[in-house]
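According to our numbering, the residues represented by the sequence shown are 135 to 271, in order. The next block holds one structure in the form of C-alpha cells; read it before the comments.
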Amino acid sequence: MARLISCSVCMRVHSKDHICDAKKKRRLEKNKGRVDSDIYGGNKWRVTRWQVLEDCNHICLYTLYKEGKIVKATDVHHIVEILEDEALAYEKENLIGLSKEKHKLIHELYKDNKKLVQEELKEMKRMWEDRIGIPLG
Ligand SMILES: [Zn+2]
Ligand SMILES: [Zn+2]
C-alpha cells in the first residue's frame, strides 16, 4: 500500500503518489508561466505580433465590429490560448489585434463563454480579411 502523506498543497492526508486537484492546478499554473515567458520573451513573437498588428492596420477589430468605432490595437491576443494549444502560438489565423481594454474584456468573457467568444473573434477576422481582400497568414 502506498505511503500516506500530509500534503502541503491541499493540506489533506492522501497517498504519496496521488496527484490531488490542488497539485494539478499548481503544476498547470507553473507550466503556463514558463511557456508564456518563453513565447512572449522571444524575437519570433515580437515579429509575429507586429505583423498581426500591421495586418489589422493597428485597429482593434473587436471594437470595430462591436461598436463601429476605430480604436488603436495595442495588444495581440491568442484566440485559442497558448495553454490550450501551444502549436498555435505563432499562427496568424489564431491571433487578433485588440485594444488593452477589449483584451481584458475578452479574457473576462472567456471565463463563462469561451467557445462562443472564440467563434466571434474568428468571425471578426474573416470579416476583416474579406474587407481588405488580402489573405492573412
Ligand atoms: Zn494534496
Ligand atoms: Zn489574450
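For each residue, glycine too, the CB sits at the ideal point set by N, CA and C. All figures in this text were calculated on a predicted structure; none of them were measured in a lab.
Item: Three-way DSSP call (helix, strand, coil) for residue 239 in this model; Value: helix
Item: Beta-carbon proximity check, residue 288 vs residue 210, cutoff 8 Å; Value: Since the displayed the chain opens at 135 and closes at 271, residue 288 lies outside it and no answer follows.
Item: Contained beta strand (DSSP E) runs [length at least 3] in the region 208-254, N- to C-terminal order; Value: 209-212 and 229-232
Item: Nearest to residue 143 (by Cα), restricted to the options 160, 136 and 204; Value: 160
Item: Cutoff 8 Å; reference residue 190; Cβ partners in own chain excluding five residues on either side; Value: 207, 230, 231 and 262
Item: Exposure label - residue 217; buried when at least 16 CB within 10 Å; Value: exposed
Item: Closest by C-alpha distance to residue 234, when choosing among 258, 214, 222 and 196; Value: 196
Item: Residue 152 versus 136, 215, 205 and 164, residue with shortest Cα-Cα distance; Value: 136
Item: Assigned secondary structure, residue 164 (DSSP; H/G/I helix, E/B strand, else coil); Value: helix
Item: Selection from 255, 156, 221 and 265 that minimises the alpha carbon distance to residue 236; Value: 255
Item: Distance cut-off 7 Å: residue 156 Cβ against heavy atoms of ligand 1; Value: yes
Item: For residue 244, the nearest candidate out of 227, 213, 168 and 222 (CA to CA); Value: 213
Item: Nearest-angstrom Cα separation, counted from residue 156 out to residue 167; Value: 17 Å
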